[in-house]
Every structure is written in C-alpha cells, then in structure tokens.
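In this text, residue positions in the sequence shown follow the numbering used here: the first is 170, and each later residue adds one. Glycine is no exception: its CB is placed at the ideal position from the N, C-alpha and C atoms. Here is the structure we will look at, set down as structure tokens.
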Amino acid sequence: MKILVWNENIHEREQPDVAAIYPKGIHGCIADFLSTESVIVTTATLDMPNQGLSEELLAETDVLVWWGHHAHDAITDENVETLCRHINGGMGLVALHSAHHSRLFRRLMGTSCNLKWRHGDRERIWCALPSHPIARGVPEHFELPREEMYGEPFDIPTPDEVVFLGWFAGGEVFRSGVTYRRGTGKIFYFQPGHEEYPIFHDRIIQQIIKNAVEWACPIQHERKAVICENAQPLEGGIPLA
Ligand code: ZN
C-alpha cells in the first residue's frame, strides 16, 4: 500500500509550542506510525514544487492523508481539480481535523462544511459503529484530555456511515468520524488532530488512522473510474423499429 501524507506544515514552523509536539511535523509523525514493511509512506508539504502534488505521485498513491488549516485558500484550482479526479477515480482520502474546511473537502462535499469551534476542551469519543473496519481494536469510548471543540451543526451531506461521535465537556456533540464514497473513491473524515495538542501521539488515534487508510485503499490497489460510454448491447439487444 502506498500512502501520501500531505501537510501544509505551517504551524510547526511558526509556533515553537507546535514544533515541540511535532519536531518532524504532523506529516512526519503520521508517516512514522503508518509505515510498516508493507506500507510505503511518502510525505509532501505545501512549500514543495507544485505544492507537493505531482500527477506522477498521485497516480501511484492508494490513499491520501490530508492535514491543512492556515493555507486552505493557497491550494491552486488546478490541484483541487487534480485531487478530485484522482479521488473520484478510486484514490482514498483520509481528511483530518481542520481539513473539513479545505478546498478539496468542501468541493467533494458540495456544502460549506461549517461547524462550531472552541479551543481547549476535554473530548470523549464514542464508537458508534463497532462493526466497521475503521473501528477495529478501538474501545467503545476513549478520552482526549485536550482537543479543540468541534460542534454540531456540521454542514456536511448525510454521511454514508457515522463511525465515531464526539462529546465535549462544554456540552457539544459532533459527528467525529464519517465516511463517504465519491466516484469509486472512499473518504473518511476524522475530527481529532488540533496542532496544539499531542493528538497524533495517542495510540488509539493512531489505530483509527491506520484502520482508515486500510479501509480507504482501493481493492487490490486497482483504480477503476466510472466512465461515461455509449455501450453496445451484450446479447444483440432489441432492434429499433
Ligand atoms: Zn484546530
């Protein structure tokens, strides 16, 4: 399996407190825990040529993991189009935390993806669909001592599946882990991952993201876009009168 972890990598360079949590960047942390003998992980960041998103790299990527916040609007129209084409054609997407407002995710959803937010709250995450592959090995509930509150209403289309629900000590609730299909591509949005807290060092969060990339990977790594074609009948069909 080939994974591309894309990160804008701005907070880590501009905020010493974030750099202390993620000395190799959020992308480096995620790459470290995803990498195994059978999983090849590549990282890319906004400051790379063509924003780290070459056609060649995307063509051989099974699943794209996306973290962005400050620089959503910097992603070029062309790159948003290219990413959507690859996802509709079968590349998986795991969109993390503030990726809900990325141009890519909003384009795929077709809605504002707006939500309520507040820095620094305790979150309890409930597994709402324990039979789902993304919930494998995940307890019925677990807590993050500090996370950014994301609250409902979350302006997304009705998800295919709600795998996780979040509750915050301030009283809000949130659909924290949701799935979609777009074209032949599978999409998982996962709410935890604010840069000022060590969320991606959490073992359970790591397990969920590992499960998510496995789930989102195209079956047998085959990309099969749905094409629009004038099809010939299989058995001769009914001739026109
Ligand atoms: Zn955040």
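Measuring only from the beta carbon, is residue i closer than 7 Å to any heavy atom that is part of the ligand ZN?
| i | result |
| --- | --- |
| Glu416 | Only positions 170 to 410 of the chain appear in the structure, and residue 416 is not among them; the question remains open. |
| Ser271 | no |
| Ser345 | no |
| Glu247 | no |
| His239 | no |
| Ser267 | yes |
Since I believe residue j is in contact with residue i (beta carbons under 8 Å), could you give me their beta-carbon distance rounded to a whole number of angstroms?
| i | j | result |
| --- | --- | --- |
| Thr251 | Leu298 | Rounded, the Cβ-Cβ distance is 32 Å, inconsistent with contact. |
| Gly183 | Tyr191 | It should be pointed out that residue 183 corresponds to Glu in this sequence rather than to Gly. Going by Cβ atoms, the distance from Glu183 to Tyr191 rounds to 12 Å, so no, they are not a contact pair. |
| Ala385 | Gly259 | Their Cβ separation, rounded to whole angstroms, is 10 Å, which puts Ala385 and Gly259 out of contact at 8 Å. |
| Asp290 | Ala338 | 5 Å |
| Phe359 | Ile388 | With 8 Å as the limit, Phe359 and Ile388 do not qualify as a contact, their Cβ atoms being about 22 Å apart. |
| Ser267 | Gly237 | 7 Å |
| Leu227 | Asn178 | In fact, because the Cβ distance is near 18 Å, the residues do not count as touching under 8 Å. |
| Ile256 | Glu316 | About 27 Å; that fails the 8 Å criterion. |
Under the rule that 16 or more other beta-carbon atoms within 10 Å means buried, what is residue i, buried or exposed?
| i | result |
| --- | --- |
| Ile172 | buried |
| Lys355 | buried |
| Cys397 | exposed |
| Ala381 | buried |
| Pro361 | buried |
| Met217 | exposed |
| Thr230 | buried |
| Ser204 | exposed |
| Asn283 | exposed |
| His269 | buried |
How many Å lie between residue i and residue j at the Cα?
| i | j | result |
| --- | --- | --- |
| Ala188 | Thr348 | 31 Å |
| Glu364 | Gly352 | 31 Å |
| Arg293 | Val234 | 23 Å |
| Cys253 | Glu206 | 29 Å |
| Glu300 | Gly306 | It is Ser, not Glu, that sits at residue 300 in the sequence shown. If I take the Cα positions, the gap works out to 10 Å. |
| Met318 | Gln220 | 29 Å |
| Glu224 | Ile209 | 18 Å |
| Gly346 | Gly405 | 47 Å |
| Pro408 | Asp324 | 49 Å |
| Arg392 | Met170 | 13 Å |
With a threshold of 8 Å between beta carbons, is residue i in contact with chain B?
| i | result |
| --- | --- |
| Pro387 | Any reference to chain B falls outside this structure, which holds one protein chain only. |
Tell me whether residue i counts as near the ligand FMN, meaning its Cβ is closer than 7 Å to at least one heavy atom of that ligand.
| i | result |
| --- | --- |
| Glu364 | In the structure shown, the ligand FMN is absent; the only ligands present are the ligand ZN. |
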